[in-house]
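**Student:** In our numbering, the protein residues as written are 15 to 286. From the three backbone atoms N, C-alpha and C, an ideal C-beta is built for every residue, glycine too. Questions regarding the structure given below will be posed in turn.
Here it is as structure tokens:
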């Protein structure tokens with residue numbers, strides 16, 4: 015890994031165009047993450063066990079209950095995009111651990127001594143989480159199809175789902191990096207991540223529509239980025255769901271930009 019970084023640093027110096035340099039740095043970080051995944055692909059499968067259990071057990075049981083309005087879809091169809099959003103959120107919210115591991119192994123010092131833009135490094139790390147999230151996407155969609163879930167899978171909807179997964183996972187990975195820069199210990203980050211993941215999940219529209227929530231919970235759900243991830247996924251995957259794609263993408267894109275800016279500002283604290 016250290017030799018790869020040294021070669022990468024030399025290549026970055028050669029690139030004079032700032033825009034090309036920025037994006038080459040982003041994709042270089044993503045490429046390093048891809049090489050890690052190729053060495054241990056079993057990790058993606060293991061992380062998919064929990065969402066699969068939610069889909070198989072929770073989805074099958076609650077499909078027998080008719081009290082939850084699903085706008086014409088079966089409950090398991092309604093639930094599948096929610097479990098997919100849950101999976102990428104839970105996966106990404108702990109991504110800051112990788113940053114702390116890089117710091118403890120000395121790789122972080124190499125990143126800081128390189129000519130890389132800090133924002134490109136953060137964005138590259140955020141997109142790196144999306145690689146793992148896309149692995150979860152494939153597994154969950156396959157399981158859903160095996161269970162007989164009727165999903166609208168066309169070229170357009172698949173591209174839309176992929177883009178949604180990338181935006182959603184990038185935001186929560188950026189949030190994890192922001193938290194890691196303040197907590198700076200793996201144990202603290204894991205504790206904080208566990209503290210906020212379930213509230214994020216239950217205060218979203220993943221399990222039930224916002225319309226049946228109590229008023230105070232609706233206000234939380236409206237500002238919860240996970241709600242817009244779920245809504246966008248339902249808009250693409252379910253023909254029964256009225257899409258609000260422009261609003262969902264607009265909110266998620268703004269959230270990604272804001273957390274990128276915030277994480278870039280506080281990032282130097284991680285070495286203190």
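Thinking just about the alpha-carbon of each residue, which of 268, 182, 262 is nearest to the one in residue 4?
**Tutor:** Examination of residue 4 is not possible in this model, given that the chain is present from 15 through 286 alone.
**Student:** Here's a check: name, in chain order, each residue in its chain whose Cβ is nearer than 6 Å to the Cβ of residue 40, leaving out the five neighbours to either side.
**Tutor:** Translated into the one-based positions of the chain shown, residue 40 becomes position 26. Excluding positions up to five away in sequence, the list reads 134, 137, 138.
**Student:** Rounded to a whole number of angstroms, what is the C-alpha to C-alpha distance between residue 172 and residue 200?
**Tutor:** Taking the chain shown and counting its residues from 1, the one referred to as residue 172 is at position 158. Taking the chain shown and counting its residues from 1, the one referred to as residue 200 is at position 186. If you take the alpha carbons of residue 172 and residue 200, they lie about 35 Å apart.
**Student:** Between the alpha carbons of residue 18 and residue 37, how many angstroms are there, rounded?
**Tutor:** Position 4 of the chain shown, counting from 1, holds the residue named residue 18. Position 23 of the chain shown, counting from 1, holds the residue named residue 37. With a pLDDT of 49 at residue 18, under the threshold of 50, the modelled position of that residue is not reliable, and no figure is offered here.
**Student:** Using the three-state DSSP reduction, which class does residue 264 fall into: helix, strand or coil?
**Tutor:** For the purposes of this step, residue 264 is taken as the residue at position 250 of the chain shown. In the structure shown, residue 264 sits in a helix (DSSP, three-state: H, G or I).
**Student:** Figure out for me which residue from 176, 152, 191, 111 has the closest Cα to the Cα of residue 246.
**Tutor:** Position 232 of the chain shown, counted from the start, is the residue given in the question as residue 246. Closest option to residue 246, Cα to Cα, is 176.
**Student:** Which class does residue 39 belong to by DSSP, given the choice of helix, strand or coil?
**Tutor:** Stepping through the chain shown from its first residue, residue 39 is reached at position 25. It is helical.
**Student:** DSSP on residue 198, reduced to helix/strand/coil?
**Tutor:** Here residue 198 corresponds to residue number 184 of the chain shown, with the count starting at 1. The answer is coil: DSSP assigns residue 198 none of H, G, I, E or B.
**Student:** In the DSSP assignment, the alpha helix (DSSP H) including residue 254 goes from what residue to what residue?
**Tutor:** Stepping through the chain shown from its first residue, residue 254 is reached at position 240. Premise fails: residue 254 is in no alpha helix (DSSP H) and is neither H nor E.
**Student:** If we ignore side chains and look at the alpha-carbon of each, how far apart do residue 98 and residue 213 end up?
**Tutor:** On the chain shown, residue 98 is found 84 positions in, with the first residue counted as 1. On the chain shown, residue 213 is found 199 positions in, with the first residue counted as 1. For residue 98 and residue 213, the distance between alpha carbons rounds to 16 Å.
**Student:** What is the DSSP secondary structure of residue 91, reduced to helix, strand or coil?
**Tutor:** Here residue 91 is taken as the residue at index 77 of the chain shown, counted from 1. In the three-state DSSP reduction, residue 91 falls in the helix class (H, G or I).
**Student:** Can you name, in chain order, every residue of its own chain whose Cβ lies under 8 Å from the Cβ of residue 108, other than the five neighbours on each side?
**Tutor:** Taking the chain shown and counting its residues from 1, the one referred to as residue 108 is at position 94. Cβ contact annotation for residue 108 (same chain, cutoff 8 Å, sequence separation greater than five): 190, 203, 204, 207, in chain order.
**Student:** Pull up the CB-CB distance for residue 187 and residue 106, whole angstroms please, since I reckon it's below 8 Å.
**Tutor:** Counted from its first residue, the chain shown places residue 187 at position 173. Counted from its first residue, the chain shown places residue 106 at position 92. Taking a contact as a CB-CB distance under 8 Å, the pair residue 187 and residue 106 counts as one, their CB atoms being some 4 Å apart.
**Student:** Measure the Cβ-Cβ separation of residue 269 and residue 192 and say whether it is below 7 Å.
**Tutor:** Within the chain shown, numbered from 1, the residue matching residue 269 stands at position 255. Within the chain shown, numbered from 1, the residue matching residue 192 stands at position 178. No, these two residues do not count as a Cβ contact at 7 Å.
**Student:** To the nearest angstrom, how far is the alpha carbon of residue 274 from that of residue 180?
**Tutor:** For the purposes of this step, residue 274 is taken as the residue at position 260 of the chain shown. For the purposes of this step, residue 180 is taken as the residue at position 166 of the chain shown. Roughly 14 Å between the two C-alpha positions.
**Student:** With distance defined between alpha-carbon atoms, name the residue in 252, 51, 46 nearest to residue 150.
**Tutor:** For the purposes of this step, residue 150 is taken as residue 136 along the chain shown, with counting starting at 1. For residue 150, the nearest C-alpha among the options comes from 51.
**Student:** Within 10 Å of its beta-carbon, does residue 32 have 16 or more other beta-carbons around it, so buried, or fewer, so exposed?
**Tutor:** Residue numbering aside, residue 32 sits at position 18 when the chain shown is read from its first letter. The residue is exposed, with fewer than 16 neighbouring Cβ atoms inside 10 Å.
**Student:** Rounded to whole angstroms, what's the CA-CA distance from residue 114 to residue 229? Just pull it up for me.
**Tutor:** Position 100 of the chain shown, counting from 1, holds the residue named residue 114. Position 215 of the chain shown, counting from 1, holds the residue named residue 229. Near 39 Å, if we compare the C-alpha coordinates of residue 229 and residue 114.
**Student:** Tell me whether residue 187 sits in a helix, a strand or coil according to DSSP, three-state version.
**Tutor:** Against the chain shown, residue 187 aligns to sequence position 173. If DSSP states are grouped into helix, strand and coil, residue 187 belongs with the helices.
**Student:** Can you tell me which of the three DSSP states residue 82 falls into?
**Tutor:** Locating residue 82 in the chain shown gives position 68, where the first residue counts as 1. Three-state DSSP puts residue 82 in coil, outside helix and strand.
**Student:** So what does DSSP say about residue 204, is it helix, strand or coil?
**Tutor:** As a first step, residue 204 must be located in the chain shown, where it is residue number 190. Here residue 204 sits in helix by DSSP.
**Student:** For residue 53, which of 146, 194, 152 has the nearest alpha-carbon?
**Tutor:** For this step, residue 53 is matched to residue 39 along the chain shown. Among 146, 194, 152, the Cα nearest to that of residue 53 belongs to 146.
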